[in-house]
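Some notes on the structure that comes next.
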Amino acid sequence: MGLQRRAPGPMWWLMGLLAIAPAARAADGAWQGNGTQLILSQRGSSVAGPALRPHNLLPAGAVVTSIAWHIESERPLPSGVRLALCLGERCFFPDGLAGRNLALAGHPAGNPATLRLKWPGRGAVVPPVRLLRYWVLINYRSPGSRAAPGDAAR
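In mature numbering (1 follows the signal peptide of the UniProt record, and there is no 0), the protein residues as written are -26 to -1, 1 to 128.
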């Protein structure tokens, strides 16, 4: 009447483990972080958001393939304001409030990401430059990954 289901034998279990072993060694992935309320109120100074870190342990040797970002501002950024997105001590300067960049490709993906604002000159900024929210996505691959550098942002 009904079919009886048997548990697979130990050989099938071992073959299954061997089949996924390469995938366990080399993985593509991404981690994201976000922040709120970054305010620049004085020219000649800079402000940085808190360091954004991966929530999970990345594979050993994971390197950046691309970085994507989205920033919500109270109003358009005034000309002269410099926006920098940094991974560890390496930074690049985004062209706009949203996009994707390959400038830090090949650098360690586990470094903390930081968003920085700077406006050269002197004096108070009235009204202050106010970033309401920001989101950063770090795409990475680990050594030995057989796939082409994949991006979760595609």
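A virtual CB, placed ideally from N, CA and C, is assigned to each residue, including glycine.
Assign residue i to one of three DSSP states: helix, strand, or coil.
i                : result
residue 200      : For the chain, the structure presents residues -26 to 128; residue 200 sits outside this window and is missing.
valine 55        : coil
phenylalanine 66 : strand
serine 116       : coil
glycine 3        : strand
glutamate 46     : strand
cysteine 60      : strand
alanine 22       : strand
Less than 6 Å between C-beta atoms, sequence neighbours within five positions excluded: which residues of the same chain meet that for residue i?
i          : result
alanine 56 : Alanine is not the amino acid found at residue 56; the sequence shown has arginine there. The answer, listed in chain order, is Lys92.
leucine 76 : Ser40
Whose C-beta lies closer than 7 Å to the C-beta of residue i among residues of the same chain, with five residues either side of it excluded?
i                : result
glycine 18       : Pro94, Gly95, Arg96
phenylalanine 67 : Arg56, Leu57, Ala58
glycine 35       : Ser116, Pro117
glutamine 16     : Ala98, Val99
proline 24       : Gly9
glutamate 48     : Arg104, Leu106
proline 28       : Trp5, Gly84
Taking C-beta to C-beta, are residue i and residue j nearer than 8 Å?
i           : j             : result
glycine 62  : asparagine 85 : yes
leucine 26  : glycine 7     : yes
arginine 64 : serine 40     : no
leucine 111 : alanine 4     : yes
Looking only at C-alpha atoms, which of the options sits nearest to residue i?
i          : options                    : result
glycine 70 : Ala36, Pro82, Glu46, Leu78 : Glu46
valine 103 : Val37, Ala42, Pro50        : Pro50
proline 52 : Leu105, Ile112, Tyr114     : Leu105
glycine 54 : Ser20, Pro28, Ala83        : Ser20
By Cβ distance, which residues of its chain are closer than 8 Å to residue i, with the 5 residues on each side in sequence left out?
i           : result
residue 149 : This structure cannot settle anything about residue 149, because the visible part of the chain is limited to -26 through 128.
alanine 81  : Alanine is not the amino acid found at residue 81; the sequence shown has histidine there. So the list reads Val37, Val38, Leu61, Gly62, Arg64, once near-sequence residues are dropped.
leucine 78  : Val38, Ile41, Leu61, Arg64, Phe66
So, does the CB of residue i fall closer than 8 Å to a CB anywhere in chain D?
i         : result
serine 47 : Among the chains of the structure shown, chain D does not appear; only one protein chain is present.
*Is there contact here, the stretch 4 to 17 with the stretch 75 to 91, by at least three beta-carbon pairs under 8 Å?*
yes
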